[in-house]
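Worksheet: the structure to be examined is printed underneath.
There are 2 protein chains.
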Amino acid sequence: MASHQESPDLAAELRMAAFRLTRRLRAQRAVDSMPDGHLVVLATLQRGPRTLGELAEAERVTPPSMNRTVNALEEAGYLTRTPDVQDRRKVIIEITDAGRTLILETQRRRDAWLEDALADLSPAERAALAAAVPILRQVADR
Amino acid sequence: MASHQESPDLAAELRMAAFRLTRRLRAQRAVDSMPDGHLVVLATLQRGPRTLGELAEAERVTPPSMNRTVNALEEAGYLTRTPDVQDRRKVIIEITDAGRTLILETQRRRDAWLEDALADLSPAERAALAAAVPILRQVADR
DNA sequence: TATTGTTATACTCTATAACTATA
DNA sequence: TATAGTTATAGAGTATAACAATA
Numbered sequence: 000m001a002s003h004q005e006s007p008d009l010a011a012e013l014r015m016a017a018f019r020l021t022r023r024l025r026a027q028r029a030v031d032s033m034p035d036g037h038l039v040v041l042a043t044l045q046r047g048p049r050t051l052g053e054l055a056e057a058e059r060v061t062p063p064s065m066n067r068t069v070n071a072l073e074e075a076g077y078l079t080r081t082p083d084v085q086d087r088r089k090v091i092i093e094i095t096d097a098g099r100t101l102i103l104e105t106q107r108r109r110d111a112w113l114e115d116a117l118a119d120l121s122p123a124e125r126a127a128l129a130a131a132v133p134i135l136r137q138v139a140d141r
Numbered sequence: 000m001a002s003h004q005e006s007p008d009l010a011a012e013l014r015m016a017a018f019r020l021t022r023r024l025r026a027q028r029a030v031d032s033m034p035d036g037h038l039v040v041l042a043t044l045q046r047g048p049r050t051l052g053e054l055a056e057a058e059r060v061t062p063p064s065m066n067r068t069v070n071a072l073e074e075a076g077y078l079t080r081t082p083d084v085q086d087r088r089k090v091i092i093e094i095t096d097a098g099r100t101l102i103l104e105t106q107r108r109r110d111a112w113l114e115d116a117l118a119d120l121s122p123a124e125r126a127a128l129a130a131a132v133p134i135l136r137q138v139a140d141r
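Protein sequences, first through last, are from chains S and X. All residue numbers for the first sequence refer to numbering that gives the first Met the number 0, where the first residue is 0 and numbers rise by one. All residue numbers for the second sequence refer to numbering that gives the first Met the number 0, where the first residue is 0 and numbers rise by one.
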């Protein structure tokens, strides 16, 4: 049936495994009431300031929708808005220290759960995962 | 600092790779207007009939919320409700042929995208992924 | 009296359309 | 006239509280 594949169902099995894993990871949050979408925005801002439009495009969400998310995060003190001096139509959105702390705490919790799980594996199994990670990234980024 | 780990950031890297991959996969749907939660319910029903409470618990959602989802899927013809003859408080929810078709089509599309991506890899890379899949599943199910 | 499912109602997140300010 | 951001409004999805039917 399948021609070149070592496992005919590699795609299906990889899909299911990835969905299950992220589902478990998603459940680990620093602030349980905070929606996942908000955390993703903060994670993006951690890599540098963005305009509203850039954030909206990065999350594949409409500008009004992103505006609401940004409003909530601004009110909570996790980011700041500053008008762009070059083009005053634009607004520069930057993460605050509180936002950075929140992100780090969230990632720490998620990784703590995952590290626990990985610690139960044999060294060979961990090596197999480590070998797979760059390939997974390559597939996801293609 | 890290003691036993081959890559100190294996957990963080695996987390990011898994999130990216599922994000891409989630974008592939058979019916674009259908919410992801609805598809997951149908996927559960594909493994056999369930009561409303079982579905709600499986998705970690409240019964009223699941009821709305089930209403929508029933109206669309993707599942049926039948009273339980043993315990008439219960309702047996079963997937229809239309629902099965929808699920298969969705999985086919998602896997088609993934299979395309996997086809670009070398046999060694595919083998590395195939070796990682059961370990990923073990981690996710722990 | 407890359990299963459902209805009523409110809140959150997202979208489209319309508006303001700037280029 | 076009663009960046915002406001107004509406449509999903989920939650809590209250209710009906059955055990």
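For glycine and all other residues, C-beta sits at the position ideal for the given N, C-alpha and C.
Quick check for students: name the residue ranges of the alpha helix (DSSP H) that lie wholly in the segment 96-125 of chain S, counting only runs of 4 or more. Qualifying alpha helix (DSSP H) stretches, in chain order: 96-118.
Please report whether the beta-carbon of Thr21/X lies at a distance below 7 Å from any beta-carbon of chain S. Cβ-Cβ to chain S under 7 Å: yes for Thr21/X.
Close-in-space but distant-in-sequence residues of the same chain around Thr81/S (CB under 6 Å, 5 per side omitted): So the qualifying residues of the chain are Ile91.
Does Val40/X get closer than 7 Å to chain S when you measure Cβ to Cβ? no
Check the C-beta distance from Leu152/S over to Arg125/S and give it rounded, since I have them as a contact under 8 Å. In the structure as shown, chain S begins at 0 and stops at 141. Residue 152/S is therefore absent and cannot be evaluated.
Using the Cβ count rule (16 or more neighbours within 10 Å means buried), how would you classify Val69/X? buried
For the 8 Å Cβ check, are there 3 or more pairs between the segment 98-106 of chain X and the segment 33-44 of chain X? yes
List, in chain order, every chain X residue whose beta-carbon is nearer than 7 Å to that of Ile150/S. Within the shown structure, residues of chain S are numbered from 0 to 141, placing residue 150/S beyond reach of any answer.
Closer than 7 Å by C-beta to Leu51/X: which residues in its own chain qualify, once you throw out the five before and the five after it? Chain order, please. Pro62, Met65, Asn66, Val69, Val90, Ile92
Could you tell me the distance, in whole angstroms, from the CA atom of Ala11/X to the CA atom of Arg87/X? 49 Å
For the beta strand (DSSP E) that contains Glu74/S, what are its first and last residues? Unbroken run through Glu74/S is the alpha helix (DSSP H), 62-74; no beta strand (DSSP E).
I want to check one thing, is the minimum distance from the CB of His37/X to the heavy atoms of the ligand HEM below 6 Å? By its list of ligands, the structure shown contains no ligand whatsoever, and the ligand HEM lies outside what it can speak to.
Interface partners of Arg109/X on chain S, CB under 9 Å: Ala10, Ala11, Arg14
Looking at the C-beta of Ser2/X, does it have a partner C-beta in chain S at a distance below 7 Å? The pLDDT assigned to Ser2/X is 41, lower than 50, so where the model puts this residue is not dependable; a value taken from the coordinates is nonetheless given after this. For Ser2/X, the answer is no, since every Cβ of chain S falls outside 7 Å of its Cβ.
For Val138/X, count neighbouring Cβ atoms within 10 angstroms of its own Cβ and tell me buried if that reaches 16, exposed if not. It counts as buried.
For Arg46/X, name the three-state secondary structure that DSSP assigns. coil
Using the three-state DSSP reduction, which class does Glu93/X fall into: helix, strand or coil? strand
What residues from the segment 78-101 of chain S come within 8 Å of chain X, judged by C-beta to C-beta, listed N to C? none
Which whole-angstrom value describes the C-beta separation of Met132/S and Ala16/X, a residue pair presumed to lie in contact below a C-beta threshold of 8 Å? First, the residue type needs correcting, since residue 132/S is Val and not Met in the sequence shown. Indeed, because the Cβ distance is near 5 Å, the residues count as touching under 8 Å.
Residue-chain proximity (Ala57/X, chain S), Cβ-Cβ < 7 Å: no
Under 7 Å between the Cβ atoms of Gly76/X and Ala97/X? yes
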